[in-house]
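Asks: Would you mind keeping the following structure in view while I ask a few things?
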Amino acid sequence: MDHEEKSFEAVPVETVASYWNNRPCNIRHSKSERGTKQYYDEVEWRKYFVEPHIPAFAEFNKWKGKKVLEIGCGIGTDTMNFARAGATVTAVDLSIESMNIAKHRAEVFGLSDRITFYNANAEELSKTVPPEHYDLVYSFGVIHHTPHPERVIEEIKKHYVNENSTFKIMMYNRYSLKSLRIILTEGKGKFWQAEKLVATHSEAQTGCPVTYTYTHNSIKKLLKGFEITEEFVDHIFPYQITHYVNYNYVKIWPYRFMPKFLFRLLEHFFGWHLCVTAKPLKK
Ligand SMILES: C[S@@+](CC[C@H](N)C(=O)[O-])C[C@H]1O[C@@H](n2cnc3c(N)ncnc32)[C@H](O)[C@@H]1O
0 MDHEEKSFEA VPVETVASYW NNRPCNIRHS KSERGTKQYY DEVEWRKYFV
50 EPHIPAFAEF NKWKGKKVLE IGCGIGTDTM NFARAGATVT AVDLSIESMN
100 IAKHRAEVFG LSDRITFYNA NAEELSKTVP PEHYDLVYSF GVIHHTPHPE
150 RVIEEIKKHY VNENSTFKIM MYNRYSLKSL RIILTEGKGK FWQAEKLVAT
200 HSEAQTGCPV TYTYTHNSIK KLLKGFEITE EFVDHIFPYQ ITHYVNYNYV
250 KIWPYRFMPK FLFRLLEHFF GWHLCVTAKP LKK
């Protein structure tokens with residue numbers, strides 16, 4: 000851990016909560032009236048259009064009849080799909096605004112009886128969510144935003160998994176084209192400020208207070224006590240922001256002309272999402 004990453008440790012979790020309360024993740028994925036079925040359907044469409052690897056990674060149908068703990072549900076797109084597929088879901092988020100939207104979304108789709116929501120800090124999850132073993136613990140794009148990711152992993156290991164459980168986690172990939180773009184454009188090449196720059200510009204709303212990024216080795220270290228059974232890198236966002244915010248999907252140069260296989264190759268080496276599936280090691 001370098002000097003800048005140490006400063007993430009000092010960020011109060013309230014600052015993280017307030018950032019995500021101010022603008023819950025994916026809240027502007029639809030221009031329809033918020034809270035309507037159409038709005039939620041469009042949010043889901045756009046999320047999986049832009050991040051098409053999610054359904055394959057989450058394997059929603061595999062968890063039918065199983066217990067799923069989702070850490071950092073946000074406004075609940077994946078949460079709904081676990082529940083729709085027939086899982087019993089416990090969904091947690093630090094941001095009360097995000098969690099309330101997810102809760103309302105579950106009501107709109109008649110899924111409330113399958114999902115229990117908790118507004119909690121995953122770093123001390125067992126203070127709020129009763130310890131029990133889950134078939135799947137799932138966390139997509141969350142644990143890198145908390146000041147002490149290792150505390151979340153400890154909580155999961157200690158209280159929510161046994162040797163039959165699966166843990167699926169997506170963390171941001173350090174050596175990615177997105178990091179490079181942020182450093183070169185927003186940071187005008189200031190590589191020595193990489194961590195801070197990447198955090199500030201990692202999300203749709205600038206100024207994210209905590210965003211760690213990971214490599215193969217650092218995720219392995221974080222997941223001590225787990226055996227990694229699958230690991231892959233995916234996701235490059237290819238669209239022009241000025242069009243994207245108006246719900247038009249125009250690719251930036253050079254992605255516009257790039258053959259699909261080449262784009263996929265780039266995503267697999269330098270994508271933004273480091274997706275890991277792991278099993279707890281026998282104690
Ligand atoms: C980028 S969003 C991802 C949300 C959702 N997983 C998705 O894919 O749409 C990150 C979420 O992590 C939540 N989060 C950050 N730190 C957390 C913590 N310590 N405990 C629980 N949730 C946290 C935020 O409130 C936010 O909703």
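Position 262 of the sequence shown, counting from 1, maps to 261 under numbering that gives the first Met the number 0, and the rest follow consecutively. Using N, Cα and C, we set each Cβ at its ideal position, and we do this for glycine too. These numbers come from a predicted model, not from an experiment.
1) Near VAL128, what residues of its chain come up, given a Cβ to Cβ distance below 7 Å and the 5 sequence neighbours on each side ignored?
2) In chain order, what residues of the same chain lie with their CB nearer than 7 Å to the CB of HIS28, ignoring the 5 residues before and after it?
3) Compare the Cα-Cα distances from ASN21 to each of ASN245, LEU273, PRO208 and report the closest residue.
4) Going straight from the alpha carbon of GLU230 to that of GLY75, what length do you get?
5) Can you pull the DSSP bridge partners for MET169?
6) If you measure between the beta carbons of VAL197 and THR212, is that distance less than 8 Å?
7) Smallest Cα separation from TYR248: which of HIS144, TYR159, ASN80, PHE236?
8) Determine the burial state of ARG255: buried for a count of at least 16 other Cβ atoms within 10 Å of its Cβ, exposed for fewer.
9) Within 7 Å: the Cβ of PRO208 and any heavy atom of ligand 1?
10) Please indicate yes or no: does the CB of HIS144 lie closer than 7 Å to some heavy atom of ligand 1?
11) Check whether the stretch 62-74 touches the stretch 122-138, counting contact only when three or more Cβ pairs, one atom from each stretch, lie closer than 8 Å.
12) Does at least one heavy atom of ligand 1 sit under 7 Å from the Cβ of ILE70?
13) Quick one, are the C-beta atoms of SER138 and CYS24 less than 8 Å apart?
14) Using beta-carbon positions only, say whether PHE260 and VAL232 come within less than 8 Å of one another.
15) Taking the beta strand (DSSP E) that ALA90 falls in, what are its first and last residues?
16) Quick check: does the Cβ of SER331 come within less than 7 Å of any heavy atom belonging to ligand 1?
Replies: Looking at the atomic coordinates:
1) THR89, VAL91, TYR117, ALA119
2) GLU41, VAL42, ARG45, LYS46
3) PRO208
4) 24 Å
5) PHE139, CYS274
6) yes
7) PHE236
8) exposed
9) no
10) yes
11) yes
12) yes
13) no
14) no
15) 87-92
16) In this structure the chain extends from 0 to 282, so residue 331 is not present and cannot be described.
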